[in-house]
Amino acid sequence: MFLALLAVQTLNGLQLGILLFLISAGLTLTFGVMNFVNLAHGVQYMVGAYLAAMFASFTGGFWSALALTLPTALAFGLALEILVFRWLYDRDHLSQILATFGVILFLNQGVKTIWGAAPLSVPMPLALSGSIPLMPGLLFPVYRLALIVVGLATALALYLLINHSRVGMLVRAGSTNAAMVSALGVNIRQLFMLVFGFGAMLAGFAGALVAPILSVEPGMGDNLLILAFVVIVIGGIGSIRGAFLAALMVGLIDTLGRAFGPQMLRLALAPAAASQTGRALAPMLIYILMAAVLFARPSGLFPVKR
Amino acid sequence: MTLRSQRPAILLFAGLALFPFAASFGADTYLLTLGARMLILALATLSLDFLIGQGALISFGHAAYLGIGAYSVVLASMAGIDDLLLQALIAIVVAAVFAVLTGYVSLRATGVHYLMSTLAFGQMLYFLFVSVSPLGGDDGYTLSSRSLLIGEPRLTSDLAFYYLCLTVLALAYLLLVRIAGSRFGRVLNAIRQNPLRAAALGFRSFPSQLAACVIAGSIAAVAGTLLANQSEFVAPAFMSWQRSGELLVMTILGGVGSLWGAVLGAITYLTLQEALSLWTDQTQVIVGPLLIIVALFGRRGLAGALVPRTSGGPA
Numbered sequence: 063m064f065l066a067l068l069a070v071q072t073l074n075g076l077q078l079g080i081l082l083f084l085i086s087a088g089l090t091l092t093f094g095v096m097n098f099v100n101l102a103h104g105v106q107y108m109v110g111a112y113l114a115a116m117f118a119s120f121t122g123g124f125w126s127a128l129a130l131t132l133p134t135a136l137a138f139g140l141a142l143e144i145l146v147f148r149w150l151y152d153r154d155h156l157s158q159i160l161a162t163f164g165v166i167l168f169l170n171q172g173v174k175t176i177w178g179a180a181p182l183s184v185p186m187p188l189a190l191s192g193s194i195p196l197m198p199g200l201l202f203p204v205y206r207l208a209l210i211v212v213g214l215a216t217a218l219a220l221y222l223l224i225n226h227s228r229v230g231m232l233v234r235a236g237s238t239n240a241a242m243v244s245a246l247g248v249n250i251r252q253l254f255m256l257v258f259g260f261g262a263m264l265a266g267f268a269g270a271l272v273a274p275i276l277s278v279e280p281g282m283g284d285n286l287l288i289l290a291f292v293v294i295v296i297g298g299i300g301s302i303r304g305a306f307l308a309a310l311m312v313g314l315i316d317t318l319g320r321a322f323g324p325q326m327l328r329l330a331l332a333p334a335a336a337s338q339t340g341r342a343l344a345p346m347l348i349y350i351l352m353a354a355v356l357f358a359r360p361s362g363l364f365p366v367k368r
Numbered sequence: 190m191t192l193r194s195q196r197p198a199i200l201l202f203a204g205l206a207l208f209p210f211a212a213s214f215g216a217d218t219y220l221l222t223l224g225a226r227m228l229i230l231a232l233a234t235l236s237l238d239f240l241i242g243q244g245a246l247i248s249f250g251h252a253a254y255l256g257i258g259a260y261s262v263v264l265a266s267m268a269g270i271d272d273l274l275l276q277a278l279i280a281i282v283v284a285a286v287f288a289v290l291t292g293y294v295s296l297r298a299t300g301v302h303y304l305m306s307t308l309a310f311g312q313m314l315y316f317l318f319v320s321v322s323p324l325g326g327d328d329g330y331t332l333s334s335r336s337l338l339i340g341e342p343r344l345t346s347d348l349a350f351y352y353l354c355l356t357v358l359a360l361a362y363l364l365l366v367r368i369a370g371s372r373f374g375r376v377l378n379a380i381r382q383n384p385l386r387a388a389a390l391g392f393r394s395f396p397s398q399l400a401a402c403v404i405a406g407s408i409a410a411v412a413g414t415l416l417a418n419q420s421e422f423v424a425p426a427f428m429s430w431q432r433s434g435e436l437l438v439m440t441i442l443g444g445v446g447s448l449w450g451a452v453l454g455a456i457t458y459l460t461l462q463e464a465l466s467l468w469t470d471q472t473q474v475i476v477g478p479l480l481i482i483v484a485l486f487g488r489r490g491l492a493g494a495l496v497p498r499t500s501g502g503p504a
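Quick look at the structure:
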């Protein structure tokens with residue numbers, strides 16, 4: 063029984079970790095390559111979920127909605143880059159915080175104006191609905207398993223793109239020394255735009271993927287933004303590999319801590335005290351980890367090699 | 190501190206002092222309550238401006254101190270301590286301890302990493318109070334009445350409460366201007382402008398920056414005690430990251446470094462929110478782009494737009 067519970071919670075943790083990776087990948091690149099504090103990355107995830115909901119209601123299917131969401135999220139990210147972000151690359155962090163906070167306010171209200179304040183839902187694709195037995199007596203939803211597989215595949219594709227392609231080489235070079243890359247004749251502005259749009263698309267992809275299992279509502283990106291910051295700080299700003307490992311760590315620690323923290327403390331404390339302390343401590347774990355990493359290894363656990 | 194350089198601040202505070210007279214022609218209680226709330230958040234913003242403008246320490250967890258102040262009122266009144274002065278004293282002590290403990294970790298980092306670690310500590314405190322069920326957890330805690338002031342219930346009148354908030358804000362402003370001009374403030378500024386040169390002159394950055402964190406945190410905690418009294422309600426939402434972000438936005442909007450700009454920024458931002466909400470329920474659709482425009486075109490916020498920079502003043 064305990065083993066089954068552990069297996070389920072581990073899978074849930076992996077699923078959260080994969081989701082966090084998809085969001086953090088773009089954030090860590092914009093942060094690392096452009097030294098840009100983008101608070102508006104969370105709302106791009108939200109916009110992805112809303113786009114999926116809208117397209118699903120037009121076309122009636124999940125797959126067609128997903129196929130339409132990806133290019134639209136990319137276009138949306140590029141539009142934001144052209145309208146707002148590209149004017150802020152040379153400015154200090156304070157201006158970037160002010161502007162991207164403005165984008166959050168605008169978009170959180172904007173989706174409410176367009177689609178209403180009530181949560182929307184996206185139909186689960188038929189082929190992936192239902193549950194399958196993982197071991198005797200243990201059912202797990204197919205869709206969540208599919209999410210994990212898709213996330214891992216995306217991570218692999220990103221790895222190949224960043225480490226074994228020309229564009230990826232330029233991005234890595236840009237994150238080490240943008241001025242030098244520019245001096246060698248690369249249009250760094252165009253590269254920035256590409257990275258930004260791609261990051262926005264990945265966040266939108268994440269939003270579309272979770273739309274069938276979460277309710278799509280205004281502000282749904284706010285807390286994930288903070289979790290994504292935790293991930294990129296732990297992993298090392300600018301490092302995709304770091305973001306991947308840290309996202310899995312954060313997903314697992316958060317999920318398992320909430321599920322088993324109180325029980326584990328019961329070994330040392332009285333039951334009432336244990337459940338109270340456990341409930342207080344579990345959500346704090348990842349932030350404690352983040353502070354510890356910042357204290358001991360400020361450049362993160364898996365920093366970019368300089 | 191010359192009288193001339195303080196002209197905008199004098200005008201600003203005179204305007205705030207006269208506000209209740211103007212308010213008496215309109216919806217008295219509503220405007221006074223709103224005014225007091227603005228002054229309180231302006232106090233918290235002021236303290237953040239000190240931290241950023243003098244110490245270059247961009248905190249993304251400053252709302253934690255608002256929460257510390259607010260929950261100090263709750264815990265003190267549970268323990269039978271009803272006087273605001275004592276509650277504020279408790280809040281200051283707790284805030285100072287929190288600032289020292291977190292500053293010891295955060296100040297090892299610089300720039301974005303400092304920002305991220307203050308965010309982490311803010312979130313820890315937030316989740317701590319969300320989980321403490323005797324204090325209402327996520328739902329918050331309703332206070333039975335406002336605190337006493339020197340033994341008497343003097344804060345029940347909205348007018349009295351407004352002027353109390355204004356007095357505290359003015360005192361905090363004077364204190365911070367004095368500190369910024371003092372030897373300590375100059376050292377802090379030297380470290381901000383050129384850490385290497387300051388270090389070469391023998392000034393260690395850590396003690397000065399830690400002291401700045403303690404000062405800013407204590408003032409924000411006092412704002413928290415006032416905020417709890419203003420709304421007679423305390424919730425973890427007081428220290429959510431969105432609130433920290435809002436404090437940052439008000440500081441930047443006002444123009445970092447002038448101190449009075451922070452007060453102006455807070456009042457402008459909150460007035461805008463309130464005025465627009467009377468007219469439309471799509472407030473943020475307008476406020477958001479306005480913030481973007483200020484970020485793109487206004488180099489030094491409202492203070493910079495009102496008073497063009499002259500030579501000699503602190504940068």
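Sequence lines, in order, name chains A and B. In this text, residue positions in the first sequence follow this note's numbering: the first is 63, and each later residue adds one. In this text, residue positions in the second sequence follow this note's numbering: the first is 190, and each later residue adds one. In this text, a Cβ means the ideal position worked out from N, Cα and C, and glycines have one as well.
So for GLU421/B, helix, strand or coil by DSSP? Of the three classes helix, strand and coil, the one that applies to GLU421/B here is coil, per DSSP.
Pick from ALA268/B, SER407/B and PHE310/B: whose alpha carbon is nearest that of TYR293/B? Of ALA268/B, SER407/B and PHE310/B, the residue nearest in Cα terms is PHE310/B.
For ARG386/B, count the other beta carbons within 10 Å of its own beta carbon; 16 or more makes it buried, fewer makes it exposed. Which is it? Flag for ARG386/B reads exposed.
If you measure from the CB of ALA401/B, is any heavy atom of the ligand GDP nearer than 7 angstroms? With respect to the ligand GDP, the structure shown offers nothing to examine, as it has no ligands at all.
Looking at chain A, is there any beta carbon in it that lies within less than 8 angstroms of the beta carbon of LEU485/B? Cβ-Cβ to chain A under 8 angstroms: yes for LEU485/B.
The beta strand (DSSP E) spanning ILE339/B covers which residue range? Unbroken run through ILE339/B: none, as it is neither H nor E.
Residues of the stretch 297-323 of chain B with Cβ closer than 8 angstroms to any Cβ of chain A, in chain order: Cβ contacts with chain A: ARG297, ALA298, GLY300, VAL301, HIS302, LEU304, MET305, SER306, LEU308, ALA309, PHE310, GLN312, MET313, PHE316, LEU317, VAL319, SER320, VAL321 and SER322.
Counting only Cβ pairs nearer than 8 angstroms, list the residues of chain A close to LEU480/B. Within chain A, LEU160, ALA161, PHE163, GLY164 and LEU167 have C-beta atoms less than 8 angstroms from the C-beta of LEU480/B, given in sequence order.
For LEU505/B and HIS103/A, I'd like the C-alpha separation in whole angstroms. For chain B, the structure presents residues 190 to 504; residue 505/B sits outside this window and is missing.
Contact criterion: CB-CB distance below 8 angstroms. Does LEU437/B meet it with respect to chain A? Yes, its Cβ sits closer than 8 angstroms to a Cβ of chain A.
Out of VAL445/B, LEU290/B, THR414/B and LEU485/B, which has the shortest C-alpha to C-alpha gap to LEU240/B? Per the C-alpha coordinates, the member of VAL445/B, LEU290/B, THR414/B and LEU485/B positioned closest to LEU240/B is VAL445/B.
One question on the structure: do LEU128/A and ALA270/A come within less than 8 angstroms of each other, judged by their Cβ atoms? Annotated as proximal: LEU128/A and ALA270/A, with beta-carbon spacing under 8 angstroms.
Does TRP468/B come within less than 8 angstroms of chain A when only Cβ atoms are used? No, TRP468/B does not count as interfacial toward chain A.
Would you kindly work out how many angstroms separate the C-alpha atoms of ILE296/A and SER466/B, rounded to a whole number? Near 40 angstroms, if we compare the C-alpha coordinates of SER466/B and ILE296/A.
Min CB distance ASP284/A to chain B below 8 angstroms: Yes, because at least one Cβ of chain B sits closer than 8 angstroms to the Cβ of ASP284/A.
For a quick check, are the C-beta atoms of GLY110/A and ALA265/A less than 8 angstroms apart? Yes, the pair counts as a contact, with Cβ atoms nearer than the cut-off.
CA-to-CA distance, VAL289/B to LEU296/B, given in whole angstroms: Answer to the nearest angstrom: the Cα atoms are 10 angstroms apart.
Tell me whether the stretch 197-204 of chain A and the stretch 66-74 of chain A touch, counting them as touching only if at least three CB pairs, one residue from each stretch, are closer than 8 angstroms. Contact annotation: the stretch 197-204 of chain A touches the stretch 66-74 of chain A, with at least three C-beta pairs closer than 8 angstroms.
Which residues DSSP lists as bridging VAL278/A, in chain order: As DSSP reads the structure, VAL278/A sits in a beta bridge with LEU182/A.
Can you list the residues of chain B that HIS155/A reaches, using a CB-CB cut of under 9 angstroms? Residues of chain B passing the Cβ test: ILE247, GLY300, VAL301 and LEU304.
Simplified DSSP state of THR356/B, which is helix, strand or coil: The three-state reading of DSSP puts THR356/B in helix, counting H, G and I together.
Which residues does DSSP list as the beta-bridge partners of TYR330/B? Per the DSSP secondary-structure output, TYR330/B pairs in a beta bridge with VAL423/B.
Cα-Cα separation, PRO503/B to TYR458/B: In this prediction, PRO503/B scores a pLDDT of 46, lower than 50, which makes its location untrustworthy; the coordinate-derived value is nonetheless stated afterwards. Between PRO503/B and TYR458/B, the alpha-carbon positions lie close to 25 angstroms from each other.
Of the residues that make up the stretch 168-181 of chain A, which ones have a beta carbon closer than 7 angstroms to any beta carbon in chain B? Result list: PHE168, ASN170, GLN171, GLY172 and THR175.
Of the listed residues VAL99/A, LEU286/A and SER191/A, nearest to TYR107/A (C-alpha basis): Residue nearest to TYR107/A within the set VAL99/A, LEU286/A and SER191/A is LEU286/A (criterion: CA-CA distance).
Provide the residue span of the beta strand (DSSP E) that contains PRO195/A, from first to last. That run of the beta strand (DSSP E) goes 193-197.
Assigned secondary structure, PHE249/B (DSSP; H/G/I helix, E/B strand, else coil): DSSP places PHE249/B in the coil class of the three-state scheme, outside both helix and strand.
Provide the residue(s) that pair with PRO203/A in DSSP beta bridges, ordered along the chain. Its beta-bridge partners are SER193/A.
Let's see if you can read the secondary structure: which residues bound the alpha helix (DSSP H) around GLY104/A? Membership of GLY104/A in the alpha helix (DSSP H) is indicated by the continuous run 103-121.
Closer than 8 angstroms to chain E by CB, GLY250/B: Within the model displayed, chain E is absent; protein chains A and B are what it includes.
Measuring straight from C-alpha to C-alpha, what distance separates ASN239/A and ASP347/B? Rounded to whole angstroms, ASN239/A to ASP347/B spans 57 angstroms at the Cα level.
Compute the Euclidean distance between the alpha carbons of GLY501/B and ARG193/B, then round it to the nearest angstrom. Any reading at GLY501/B must be qualified, since the residue scores a pLDDT of 40, below 50, and its modelled position is unreliable; no value is offered.
I think ALA451/B touches ASP238/B, with their Cβ atoms under 8 angstroms apart; what is that distance to the nearest whole Å? With 8 angstroms as the limit, ALA451/B and ASP238/B qualify as a contact, their Cβ atoms being about 4 angstroms apart.
According to DSSP, is ASP238/B part of a helix, a strand, or is it coil? Of the three classes helix, strand and coil, the one that applies to ASP238/B here is helix, per DSSP.
Does DSSP put ALA504/B in a helix, in a strand, or in coil? With a pLDDT of 42 at ALA504/B, under the threshold of 50, the modelled position of that residue is not reliable, and the figure given next carries that caveat. The three-state reading of DSSP puts ALA504/B in coil, since its state is none of H, G, I, E or B.
C-alpha gap between ARG303/A and LEU220/A, whole angstroms: Straight-line Cα distance between these residues: approximately 10 angstroms.
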